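Accompanying notes for the structure given below.
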Amino acid sequence: MSSSATATATVILFLITTFISTTTTTAEIRITEIRSDPRPIIPFDEFGFTHNGRLELNVSKLSFSSPDPDLSKLGFFLCTRDSWLHVLQQIEDAEIACALQSSVIKLVYSFNSLTKGANGFNHFYLQSDADQYTLVFANCLPQVKLSMDVRSAMYNLDGKSKTRDYLSAGITVLPRVYFFFSVVYFSLGAAWVYLLYRKRLTVFGIHLFMLAVVVLKALNLLCEAEDKSYIKRTGSAHGWDILFYIFSFLKGITLFTLIVLIGTGWSFLKPYLQDKEKKVLMIVIPLQVVANIAQVVIDESGPYGQDWVTWKQVFLLVDVICCCAVLFPIVWSIKNLREAARTDGKAAVNLMKLTLFRQYYVVVICYIYFTRVVVYALETITSYKYLWTSVVAAEMATLAFYVFTGYNFKPEAHNPYFAVDDDDEEAASEQLKLEDEFEL
Ligand SMILES: *[C@@H]1O[C@H](CO)[C@@H](O)[C@H](O)[C@H]1NC(C)=O
């Protein structure tokens with residue numbers, strides 16, 4: 001008990017302390033309305049350019065709060081994260097007064113070039129230095145508030161065909177990655193159906209539920225592949241994004257419910273749920289609803305949107321609570337099994353179940369830890385060109401988790417729990433005694 005409590009505490013600690021805000025770069029064509037904004041720096045989207053990068057900027061309804069501002073102090077530029085630190089240093093050292101004067105930025109458009117009396121402009125910018133840039137607007141006039149509608153589109157031209165690719169350089173392979181994993185899950189689903197048919201006499205309710213989880217995961221990946229590929233081709237996200245959100249939502253809820261149900265031993269160990277186990281479900285399911293709403297807002301508003309940070313925090317908080325909540329039923333089951341092992345005299349049977357549940361506990365922790373912490377860390381340390389690798393890592397970990405769960409809780413024709421001989425029984429009670437001594 002004490003070791004599992006320590007493990008739980010470690011996971012909670014890691015989830016909370018690893019609050020690395022990472023920005024996934026989906027550079028759709030974005031339309032931003034800016035109204036009487038006094039901010040000196042307004043960041044827009046971030047995008048990974050190849051050597052064939054393009055930026056289209058269309059600004060309209062431009063107006064200033066003061067009649068005749070110094071236009072050379074207003075403008076758009078592109079900047080990498082590293083060079084931004086450099087710019088800040090230059091400003092601090094008073095080398096320059098305005099970010100637009102820095103030599104390390106790529107000036108896209110200075111309002112100097114604005115035709116007199118015009119209230120907007122269209123600008124086309126070639127970006128041939130491959131790197132990850134953020135589009136930024138600088139307003140170096142402290143007194144001036146400004147309003148404008150900005151339409152920004154960043155894309156790369158594909159090698160030979162010269163078609164536009166609106167996905168950032170590091171994630172342009174994602175549609176194929178998602179499609180591949182979707183095929184894998186559909187195959188797993190088919191294999192599962194075959195297995196359920198062959199072992200139909202020992203199939204429990206939970207096995208059908210597992211099938212639903214796998215199918216939803218496959219559908220979710222398929223929609224994500226289609227959605228990303230639509231963004232890649234057109235720059236806007238209105239392909240299958242609604243379907244994608246629906247399946248993400250169902251997948252999230254069913255996966256967490258499944259982990260709780262397996263953890264409680266529902267339909268393996270007992271046909272009903274205890275009140276406290278039902279309470280866990282009543283916490284986890286509504287929180288998953290909140291998490292999914294937060295995820296939609298996060299995806300739809302860019303990383304610099306005003307609500308982005310708030311929703312990101314909501315999402316992380318809810319996610320941490322859900323991840324911790326699903327561990328409780330497993331801990332309770334382990335405790336119950338240990339007690340049962342001592343009292344009901346079927347040591348071998350209970351030891352097998354106990355080992356299985358302990359393994360499951362460790363695997364759930366590893367899964368949560370990997371998909372939350374390791375993947376975020378990977379996202380932060382890998383170069384923008386290889387951002388897709390963190391997606392692959394997360395999907396591999398998820399796949400491993402699904403396979404482990406399916407393999408260990410599959411329907412058994414000869415239930416090994418009830419076929420033990422006396423030698424096994426003796427060995428098992430010996431081990432349980434040993435464990436009791438060392439309080440494992
Ligand atoms: C935006 O500006 C680009 C570059 O000048 C131009 O080709 C494009 O047609 C403009 N788009 C809109 C919607 O005005």
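Once you know that position 123 of the sequence shown is 123 in the numbering used here, the rest is easy, because the numbers rise by one and skip nothing.
Ideal placement from N, C-alpha and C gives every residue a C-beta, glycine not left out.
None of these values were measured; they are calculated from a predicted model.
The three-state secondary structure of phenylalanine 209, taken from DSSP, is helix. Proximity of the region 46–57 to the region 123–136 meets the contact definition, three or more beta-carbon pairs being nearer than 8 Å. Boundaries of the beta strand (DSSP E) around serine 60: 53–64. According to the DSSP assignment, valine 326 belongs to no beta strand (DSSP E), since it is labelled neither H nor E.
Proximity of the region 375–391 to the region 164–171 meets the contact definition, three or more beta-carbon pairs being nearer than 8 Å. No Cβ-Cβ contact shorter than 8 Å links lysine 228 with tyrosine 185. Put simply, of Thr405, Ala347, Leu356, Lys353 the residue whose alpha carbon is nearest the alpha carbon of glutamate 426 is Ala347. With a contact defined as Cβ atoms closer than 8 Å, leucine 222 and serine 182 qualify at about 4 Å. Around the beta-carbon of isoleucine 105, 16 or more other beta-carbon atoms lie within 10 Å, marking it buried. Burial of tyrosine 402 is indicated by the presence of at least 16 other C-beta atoms within 10 angstroms of its C-beta.
With a threshold of 16 other beta carbon atoms within 10 Å, glycine 252 meets it and is buried. Distances taken from the Cβ of phenylalanine 124 to the heavy atoms of ligand 1 include one shorter than 7 Å. Of the residues Pro43, Leu261, Val349, the one whose Cα lies closest to the Cα of alanine 428 is Val349. If you draw a straight line from the Cα of lysine 335 to the Cα of threonine 264, it is about 11 Å long. The region 145–164 and the region 373–382 do not touch, with fewer than 3 CB-CB distances between them shorter than 8 Å.
Here tyrosine 133 is near cysteine 79, since their CB atoms are less than 8 Å apart. Under the three-state reduction of DSSP output, valine 108 falls in the strand class. By the CB criterion at 8 Å, leucine 100 and glycine 75 fall inside the cutoff. Isoleucine 31 sits exposed, since fewer than 16 C-beta atoms from the chains shown fall within 10 Å of its C-beta. Collapsing the DSSP output to three states places glutamine 101 in a helix.
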